[in-house]
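*Asks:* Going letter by letter, the sequence shown gives residues -17 to -1, 1 to 501 in mature numbering (1 follows the signal peptide of the UniProt record, and there is no 0).
Have a look at the structure that comes next, please.
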Amino acid sequence: MTAFQRLALLLCPWALAACSTLPAPRSADDSPTPPARPAAAAAGESTPSTPSAAPPAPASAAIATAPPLPSVHPVASVVAPADLWERMERGFAMPDLDNELVQQWERWYASRPDYLQRMADRASKYLFHVVEEIERRNLPLELALLPFIESAFNPQAVSHAKAAGMWQFMPATGKHYDLKQNAFRDDRRDVLASTRAALDYLERLHRMFGDWHLALAAYNWGEGNVQRAIKRNQAAGLPTGYPDLRMPDETRNYVPKLQAVKNLVTAPQHRGVKLPVIGNHPFFDTVRIDRDIDVAVVARLAGVSEADFRTLNPSHNKPVIMASGTPEILLPWDNALLFTQRLREHGGPVASWTAWRVPQDMTTAQAARQLGWDERALREINRVPPRMRLKAGSTILVPREGKLDRDVPEHLADNAQLLLTPDVPPTRTVRVKARAGDTLAAIARRHRVGVAELAAWNKLSVGARLRAGQTLQIHVPATRTAHAGGKPAKAAAPRKATAKAASPRKPGAVRTAQARKP
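Pasting the structure below:
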């Protein structure tokens, strides 16, 4: 027997003795139910200790004495805003301004329900898009009311200072924010482009000033002016908030106007105002185009009027949309799908216009002859004023035919300019002498020129007195000449000298000629 076998025989009795001390196994039916744990202990709270001699309570008693479970409250339902006004109100986040100017503008708007109605009617086409863009950037929704103050939501509005569009961009500011302004379109009026640019600008101003009221003042007055006003107050030890700055009346009333409209939106009943319902849904859809297309064709395929099309696409002032410059157009929501389907089925050409760059200075008549077109039609479609000629490099709209049957390239669609110069015929300068008693008006009348022009040519005032024999300069067309007697005459061909021409004049004729001298 090996050593391993001997060891196993020695350990076997010990193992059997240990097993005999184990409790007999119970069946599943005989296993006792553990006592219920008090709710406080389950929640982690301390509980009074129970004497060890106390027998465990039956399961049924534990269940009967346990405190009732807390009632479960239903999750609050998310209700969509009833209309766009309510949606905007939920996103208002600017601090309120409360002063006499705000109350004054509340009364002003509330007393003009027709004006509010017109503004709301215009806004109903664009406001959903504006709200969507503001929410996407997580900005306060008071900004959606700003076009009410700037332009009454009119994308065709132009101020006396040449600001344009519903966000009222000045030409230079618009260019800084990539709003194209050329002979074919003005993106300051474009709904999508101008909204993007305005929110970019407002975000920048808020980062600069850290205050929405100051940012709005800068949007209206210019950031440089607001910065200087703040520095003046700082130097004088004065507060630098919006109400504390010295500013023009227009800017002083700017934020109060916005606050007044906000107050009418949040509590229209306070002023007896009834705002028209604007649905919380998009009014238009965006449709991409990949080739030039006439406005008339778009309107016909979409089933809308040209006027309605231009209401949604106000940046275009020509009868054709150039795909390289404007790859998207806006159409009413229900008409967008109809247009897409009909355009896919349309077999013929969709554009009848293209662009042509003028190679050299020329009159509209010369350009029309070169293009085989009517001059009056050329002037009308390109809005060329009378007595103006086209300068080299101008880009004009022309019929799409012959060699010009092509889409407009991007560099022309984005940078086309109409360059004009006065259409003045070639002139030459003649000199005349004033007679005794002559005035500028008399000389101007004899030579069929304007008195102001004659005075300017000779650096005189219109009422200047003339001396007999004084020399004056007159600019006349190259085909005309100034006659000594004041009447224009054609240049006479040189005559051969004859004996008769060389003969002395009659005495009477000499006396007559001398009598005319002063």
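Note that beta-carbon positions come from the ideal geometry of N, C-alpha and C, so glycine has one too.
Where are the beta strand (DSSP E) runs, 3 residues long or more, that stay fully inside the region 222 to 289, in chain order?
*Replies:* Qualifying beta strand (DSSP E) stretches, in chain order: 267 to 271.
*Asks:* In this structure, how does DSSP classify Ala147 when only helix, strand and coil are distinguished?
*Replies:* Strand, per DSSP.
*Asks:* Pick from Val391, Arg428, Ile457: whose alpha carbon is nearest that of Thr309?
*Replies:* Closest option to Thr309, Cα to Cα, is Val391.
*Asks:* Which one of Val281, Ala334, Trp339, Met305 has the shortest CA to CA distance from Asn318?
*Replies:* Nearest of Val281, Ala334, Trp339, Met305 to Asn318, Cα basis: Val281.
*Asks:* Which residues mark the beginning and the end of the alpha helix (DSSP H) in which Trp440 is found?
*Replies:* Element bounds for Trp440: 434 to 440.
*Asks:* Taking buried to mean at least 16 other C-beta atoms within 10 Å of its own C-beta, is Trp150 buried or exposed?
*Replies:* Classification of Trp150: buried, given that the 10 Å Cβ count is 16 or more.
*Asks:* Ordered along the chain, which non-local residues of its own chain (more than five positions away) have a Cβ less than 7 Å from that of Pro231?
*Replies:* Trp204.
*Asks:* Assuming Ala180 and Leu162 make a contact with CB atoms under 8 Å, what is their CB distance in whole Å?
*Replies:* Contact holds; Cβ gap of about 6 Å.
*Asks:* Note down the Cα distance separating Asn137 from Ala334, rounded to an integer number of angstroms.
*Replies:* Computed Cα separation, rounded: 29 Å.
*Asks:* Which residue from Leu284, Leu402, Val256, Ala279 puts its Cα closest to that of Ser94?
*Replies:* Among Leu284, Leu402, Val256, Ala279, the Cα nearest to that of Ser94 is on Val256.
*Asks:* Around the C-beta of Arg352, are 16 or more other C-beta atoms found within 10 angstroms, so that it is buried, or is it exposed?
*Replies:* That one is exposed.
*Asks:* Straight-line CA distance for Asp194 to Leu284?
*Replies:* Roughly 48 Å between the two C-alpha positions.
*Asks:* Tell me Asn64's beta-bridge partners as DSSP assigns them.
*Replies:* According to the sequence provided, residue 64 is Pro. The question's Asn does not apply to it. BP columns for Pro64 are empty, so no partner.
*Asks:* Take the Cβ of Arg20 as the centre, count every other Cβ of all protein chains shown within 10 Å, and call the residue buried at 16 or more, exposed below.
*Replies:* Interpretation of Arg20 is limited by its pLDDT of 36, a score under 50 that renders its predicted location unreliable; the figure taken from the coordinates is listed afterwards. So Arg20 counts as exposed.
*Asks:* Give a yes or no on contact between the region 410 to 417 and the region 445 to 458, applying the rule of three or more CB pairs nearer than 8 Å.
*Replies:* The answer is yes - the region 445 to 458 touches the region 410 to 417, with three or more Cβ pairs under 8 Å.
*Asks:* Do you know offhand how far Arg383's Cα is from Arg101's?
*Replies:* Near 40 Å, if we compare the C-alpha coordinates of Arg101 and Arg383.
*Asks:* Which one or two residues does DSSP pair with Gln456 in a beta bridge?
*Replies:* Answer is Arg414.
*Asks:* Report all residues from its chain with a CB closer than 7 Å to the CB of Leu321; omit the five preceding and five following residues, and keep chain order.
*Replies:* Here the set comprises Ala285, Gly286.
*Asks:* Mind checking who Phe152 pairs with in its DSSP beta bridge?
*Replies:* Answer by DSSP bridge pairing, in chain order: Ala147.
*Asks:* Keeping to the same chain, check which residues put their C-beta closer than 6 Å to that of Val407; ignore five residues upstream and five downstream.
*Replies:* There are no such residues.
*Asks:* How would you call Gln242, buried or exposed, if buried means at least 16 neighbouring beta carbons within 10 angstroms?
*Replies:* Buried.
*Asks:* Rounding to the nearest angstrom, what Cα-Cα distance links Gln252 and Trp88 in this structure?
*Replies:* So the alpha carbons of these two residues sit roughly 16 Å apart.
*Asks:* How should Ser295 be labelled, buried or exposed, when 16 other C-beta atoms within 10 angstroms of its C-beta is the threshold for buried?
*Replies:* This sequence places Leu at residue 295; Ser is not what is there. By the neighbour-count rule (16 or more Cβ atoms within 10 Å), Leu295 is buried.
*Asks:* Apart from the five residues just before and just after Gly433, which ones in its own chain have a Cβ nearer than 7 Å to its Cβ?
*Replies:* Closer than 7 Å at the Cβ level, and outside the excluded window around Gly433, lie Ala427.
*Asks:* When DSSP labels each residue in this structure, what does Gln400 get in the three-state scheme?
*Replies:* Gln400: coil per DSSP, three-state reduction.
*Asks:* How many Å lie between Tyr184 and Ala176 at the Cα?
*Replies:* The alpha-carbon atoms of Tyr184 and Ala176 are separated by roughly 12 Å.
*Asks:* Check for me: the beta strand (DSSP E) holding Val381 runs from which residue to which?
*Replies:* Here the beta strand (DSSP E) through Val381 covers 378 to 382.
*Asks:* Residue range of the alpha helix (DSSP H) that residue 510 falls in?
*Replies:* What the structure shows of the chain is the stretch from -17 to 501, and residue 510 is not part of that stretch, so it cannot be assessed.
*Asks:* Which value, in whole angstroms, describes the spacing of the CA atoms of Thr178 and Arg340?
*Replies:* Each residue's alpha carbon lies about 32 Å from the other.
*Asks:* With H, G and I counted as helix, E and B as strand and the rest as coil, what does DSSP make of Trp356?
*Replies:* Residue state, collapsed to three classes: coil.
*Asks:* For a quick check, are the C-beta atoms of Gly157 and Arg172 less than 7 Å apart?
*Replies:* Not in contact: Gly157 and Arg172 (Cβ atoms no closer than 7 Å).
*Asks:* Have a look at Pro471 and Val141 and give me their C-alpha separation to the nearest angstrom.
*Replies:* Per-residue confidence for Pro471 stands at a pLDDT of 46, beneath the threshold of 50, marking its modelled position as unreliable; the derived number appears in the next sentence. Roughly 48 Å separates the two Cα atoms.
*Asks:* Does the distance from the CB of Asn246 to the CB of Asp66 come in under 7 Å?
*Replies:* The answer is no: Cβ separation not under 7 Å.
*Asks:* Using a Cβ distance threshold of 8 Å, determine whether the region 201 to 215 contacts the region 185 to 192, with at least three qualifying pairs required.
*Replies:* Yes, they touch.
*Asks:* Can you name, in chain order, every residue of its own chain whose Cβ lies under 6 Å from the Cβ of Arg450, other than the five neighbours on each side?
*Replies:* Hits under 6 Å: none found.
*Asks:* How about Ile117 and Ala106: do their beta carbons lie closer than 7 Å?
*Replies:* No, the pair does not count as a contact, with Cβ atoms beyond the cut-off.
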